[in-house]
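See below for the structure under consideration.
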Amino acid sequence: IAALMVPIGQIALGIDTVDGAFAPFGRPVVFLILGSLFLAEALRKHGLTRRLALYAIVYSVGRFEMLLLGLMMMTGMLSMWVLNTATAAVLIPVAITIAQRVQRAEDAQRVLKMLVLGIGYSSSLGAIATVMGSGENAIASGQLDNIMSFGFLQWMAYGLPIAIILLPLNWFLLLRIFPGASIEIDTVPALREITRLGNLSSSELKIIVALSASVILWISGSSIEKHFGLPSTILSSAVVAIGAVAALSVEEVIDWNDLKGVNWGVFFVIGAGLTLGDALDKTGAGLWFAEQLSPLLTGLPYATILLILVLLGFTLTQFMNNVTLGAILSPILITLGEASNIPPTRLLIPTIFVLALAYALPAASARMTLVAVSGAVERKDMMRTGILIGVPSAAVIWCFFYVLSRMGWI
């Protein structure tokens, strides 16, 4: 409800018309995120995520370290294609179930803590890779698309390498922060459960086909349009996502009752974020902020500017909701880049990536709120681990984008 006050406030203050204030809620990136949420609901309803988790247990051959890595990899890959909060919400109960099967209470608590934190972190990192992974990604991509051609593939070119680097780093650091004797996981119950489930159901197969086709079209849609002379944007990311959901609905894999249960608040939050960005642009507030910051950055090398932005983003995201922060920073950094003759992508993308490292406090992101309410992690452990893992991860982002800038790739 609070998100709806953004366009209402614009109208009341005379900043925009009714049509203009609510127009961002209809932008393609908003429907891309909605499609992602609906696909996540299909995965949850038919138990595909549970089946994948069972396979992760079996293929870990009883070694907890491998189970943690497998579950984090699975979470990361899922959160590339469905909203990261939805991914975490689906998989945290799976982690609780796994921990309940560990015999020693002391070991069970350690397993639960590490699995839940691993899911929280990897859902954030996997989301970096694509536009639909998180709300702040969607807002930043939408703002960039207003000034340049910047879509799904352009975002993935920067996000996927970072996700591939950071996920194993987070896994390694998590194991070092919570050391202890090697824990053996009994894989027999998982094997029994897989046997009981049997082969994939027709609904599960349809979901796999729909999601696989969507991924292929998200990556190659524009090339297919050009090759076959199709109308421009007919295979755009939003059309593909909603088309996949429509196909699953026709096949009766999901219905309206399922869709009513998803977190529709995300729709309003992202729409409000885009509206706020437009307001900062139309009122000149974004330009004013950029003009105040520009003299401070003039003459500084890009490495220093990037370091300032990474430190600022990492610090703020521990205390503020990262989607809200992305909505505020996106238009300001774009305007700052234009005012300072720096490509806006050099400022905005690394800053948005750093916002994903909101590990220290529950209020920083919905994912860490889910981690906190699971009861698996004490507040002091969340803060300590979040800082110890978040700081090296932020340093990696700084190094990555500095190298890209030196090579002229951003």
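Residue numbers for the sequence shown follow our numbering, beginning at 2 and rising by one.
Just so it is clear, CB atoms sit at the ideal spot from N, CA and C, and this is done for glycine as well.
Just the Cα atoms here: how many angstroms apart are residue i and residue j?
i      : j      : result
Met321 : Leu175 : 24 Å
Ile184 : Arg368 : 26 Å
Ala239 : Ile217 : 14 Å
Gln101 : Leu113 : 8 Å
Pro332 : Val355 : 17 Å
Leu312 : Phe65  : 34 Å
Ile353 : Arg193 : 43 Å
Thr234 : Phe151 : 13 Å
Thr196 : Pro190 : 10 Å
Ser366 : Asn323 : 6 Å
Gln319 : Gln155 : 27 Å
Ile99  : Ile178 : 21 Å
Phe153 : Arg52  : 29 Å
Asp256 : Asn85  : 22 Å
Ser213 : Ala242 : 11 Å
Gly77  : Leu14  : 42 Å
Ala57  : Leu92  : 12 Å
Ile186 : Leu371 : 24 Å
Gly266 : Ile34  : 11 Å
Evaluate residue i with the Cβ neighbour count: other Cβ atoms within 10 Å of its Cβ, from every protein chain shown; 16 or more gives buried, anything less gives exposed.
i      : result
Trp219 : buried
Ile271 : buried
Phe229 : exposed
Ile209 : exposed
Asn342 : exposed
Glu137 : buried
Gln110 : exposed
Val83  : buried
Asp17  : buried
Val117 : buried
Ser221 : exposed
Arg347 : buried
Val374 : exposed
Ser394 : buried
Ala357 : buried
Leu301 : exposed
Val404 : exposed
Ser224 : exposed
Asn258 : exposed
Ile9   : exposed
Gly314 : buried
Ile148 : exposed
Gln11  : buried
My guess is that residue i and residue j are in contact by the Cβ rule of under 8 Å, so how many angstroms apart are they, rounded?
i      : j      : result
Leu326 : Leu317 : 6 Å
Ala158 : Ala87  : That belief does not hold up - the Cβ atoms of Ala158 and Ala87 are roughly 24 Å apart, past 8 Å.
Leu281 : Gly287 : 4 Å
Ala328 : Ile140 : 5 Å
Pro428 : Leu72  : The requested residue 428 does not occur in the structure, where the chain is confined to residues 2 to 411.
Leu231 : Leu168 : Leu231 to Leu168, Cβ: 35 Å. No contact.
Ile163 : Ile398 : 6 Å
Leu249 : Ala43  : 6 Å
Leu38  : Asn264 : 6 Å
Ser80  : Ala128 : 5 Å
Gly36  : Val246 : 5 Å
Asp279 : Pro25  : 6 Å
Gly207 : Val254 : Reading off the sequence shown, one finds Lys at residue 207, where the question assumed Gly. Right, their Cβ atoms sit about 5 Å apart.
Leu277 : Val19  : Contact flag wrong, Cβ pair sits at about 17 Å.
Indicate whether the contact test is met: 3 or more Cβ pairs, each with one atom in the stretch 199 to 206 and one in the stretch 132 to 141, closer than 8 Å.
-> no
Counting pairs of Cβ atoms below 8 Å between the stretch 286 to 296 and the stretch 324 to 337, do you hit three or more?
-> yes
Mind pulling the alpha helix (DSSP H) runs of 4 or more residues that sit fully within the stretch 5 to 48?
-> 6 to 13, 19 to 23, 29 to 46
Three-pair Cβ contact test at 8 Å for the stretch 42 to 49 versus the stretch 58 to 72 = no
Starting from the N-terminal side, write out each stretch of the alpha helix (DSSP H) that is 4 residues or longer and does not extend beyond the stretch 44 to 112.
-> 49 to 60, 65 to 82, 85 to 101
Pick out the complete beta strand (DSSP E) segments inside the stretch 145 to 216, 3 residues or longer, and give them in chain order.
-> none
Runs of alpha helix (DSSP H) wholly within the stretch 297 to 383 (minimum 4 residues, chain order) | 303 to 318, 323 to 340, 345 to 356, 367 to 374
Is the number of C-beta pairs between the stretch 377 to 392 and the stretch 345 to 362 that are closer than 8 Å three or more?
-> yes
With a cut-off of 8 Å, do at least 3 Cβ pairs link the stretch 371 to 379 to the stretch 108 to 128?
-> yes
Any contact of the stretch 236 to 252 with the stretch 30 to 37, i.e. 3+ C-beta pairs under 8 Å?
-> yes
Mind pulling the alpha helix (DSSP H) runs of 4 or more residues that sit fully within the stretch 215 to 281?
-> 238 to 251, 257 to 261
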